[in-house]
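Worksheet: the structure to be examined is printed underneath.
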Amino acid sequence: MKLPAVAPGWSVPAAAPHADIVFFDDPLLASLTERAMQANQDIALTTARLRESRSQAGIATSLTRPSVRATASYARERESRNAPRPVIVTPSGELDPDRGSSENLYQAGFDASWEIDLFNARTNTLRAARADAEATAQDVAAVRLTVAAEVARQYVFLREAQLKGKLVRDELALQNELSQLARARRLGGMETHAGEALARSQVARREATLPQVELDASTAVHRLGVLLGQDPEGLRAELGASGKLPRARPGVGLPLPSELLQRRPDILRAERQLAAATARRALAVADLYPKLTLGASVGVSSTSAADLFSAASLFSKVGPSITWPIFRQGQIIGNIGVRDAQELAAFSTYRQTILLAFEEVENSLAAMHASDKRNAALAAMVSDGELTVALAQARYQGGMTDLREVIETRIALVQSRGELLHADAVGASAAIALSKAVGGSLTKR
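In the working numbering, the protein residues as written are 343 to 787.
Here it is, written out as structure tokens:
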């Protein structure tokens, strides 16, 4: 597949391929992420699978080398007098007097064999095993990247919920003031019962919001506990009741598409799986051809333990052997067809993984750009709200308006700050998604 040199909106990185794209300069988040890398059970599971895969590659490596084994045996044998056996005549012309007798047999030696890799059968076995191990290594990298991103996301959710809880309480206090003012105005004949009821309903509305916000904060703490393999209650005390929302800071810029292929674990894994499928197809083709094995044996054999290591007891054997499954051609060709299909599927998976990677990057970029625009508009709204509150306060002190206008402008300002807080959290989540999409890290190094 031909890839574009540079996609629209992408910039050439000014640092190494694995430098940070964005990062959160938050020491606590960095600590949580590092601890998750050490204690997360999903990472532990994939690491164990990596060890298994590397052991399988070690087994495949051993198949390319000569195999040598040592043997030693002892047997006591008694022949039947009634069973047919070759007639042995002694030098004196008499029949063998030991027919039916018993004897001991001692043997010791070494056997060696080595399959000559004429058609790369052993080599491709090794290539497939190593590619499997390398693909599993990318599984570990992918899980680590996912866990790091999830820790950051849950940390953002927690801080957003905590800060939102404070804003909800602030608004609830203001709504209570407004409700009390409406009651006083109704008792003074300046407000209707409907106006007072409306003010009370706004208080109830804010009170109903608070439990969900507290639940969101607890859920984020519980999720962080699972990610870190830690008791959530101990983690809750460490995280505190409130904190700043982490903000993404720009790193070195986006990588080139060609560099993206070297960063994302899922792309690297798909490429290694394709390499393994290609090696297995070549291995299936090698079954069409003969296999040449060199064998050798050397040792000693004697009916007497005392003579076992004498020169006369020495024996040896060396020579090649050839095997060729000429009557299994249909089965072998069928297996080649299976491997062909598997290789094609692996290639399609590889291409699809690349396309999805580019899609994720473009979507994350679009989300960040949209978030920036929304944040700018909301920041202007908050600024105008602060000015409105100041003007209303001045008008109230000058006797030009009543207290209700002041409270209502303050409520509107709190609500605007809540919208800006959520937009900031969405922007942080978009930055996390972008960093994950390009295979980068999220904390300053």
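All C-beta atoms in this analysis are idealised placements derived from N, C-alpha and C, irrespective of residue type, glycine included.
Listed in chain order, the beta strand (DSSP E) runs fully inside the segment 654–718 are 656–665, counting runs of at least 3 residues. For ARG411, the pairing in a beta bridge is given by DSSP as ASP453.
Under DSSP, ILE458 forms a beta bridge with LEU634. In chain order, ALA494, TYR497, PRO588, THR785 place their CB closer than 7 Å to the CB of LEU371, counting only its own chain and leaving out the 5 sequence neighbours on each side. The secondary-structure analysis by DSSP pairs GLY641 across a beta bridge with GLY451, PHE657. A contact between stretches requires three or more CB pairs, one per stretch, nearer than 8 Å, and the segment 554–571 meets this requirement with the segment 373–385.
Note on ARG670: under 16 other CB atoms within 10 angstroms of its CB, so exposed under the neighbour-count rule.
In terms of CA proximity to LEU387, VAL482 leads the group VAL482, VAL748, GLN544, ARG591.
By the neighbour-count definition (other C-beta atoms within 10 Å, threshold 16), MET710 is a buried residue. In this structure, the straight-line span from the alpha carbon of GLU538 to that of ARG527 is close to 9 Å. Counting other Cβ atoms within 10 Å of its Cβ, GLY641 reaches 16 or more and is therefore classed as buried. Secondary structure at ASN446: strand, using DSSP grouped into helix, strand and coil. When C-alpha distances from GLY672 are compared across GLY661, ASP629, GLU704, the shortest belongs to ASP629. Judged by their CB atoms, GLY760 and LEU392 are not nearer to each other than the 8 Å cut-off. By the criterion of at least three beta-carbon pairs nearer than 8 Å, the segment 395–413 is in contact with the segment 468–483. LEU610 has its alpha-carbon roughly 29 Å from the corresponding atom of ARG407. Remark: C-beta atoms of GLN615 and THR691 approach each other more closely than 8 Å.
Around the C-beta of THR375, 16 or more other C-beta atoms lie within 10 Å, and the residue is accordingly described as buried. In terms of Cβ geometry, ILE753 and GLN517 form a close pair [threshold 8 Å]. Nearest to ASN717 by C-alpha distance, out of ARG693, SER758, GLN739, is SER758. With a contact defined as Cβ atoms closer than 8 Å, ALA477 and ALA618 qualify at about 7 Å.
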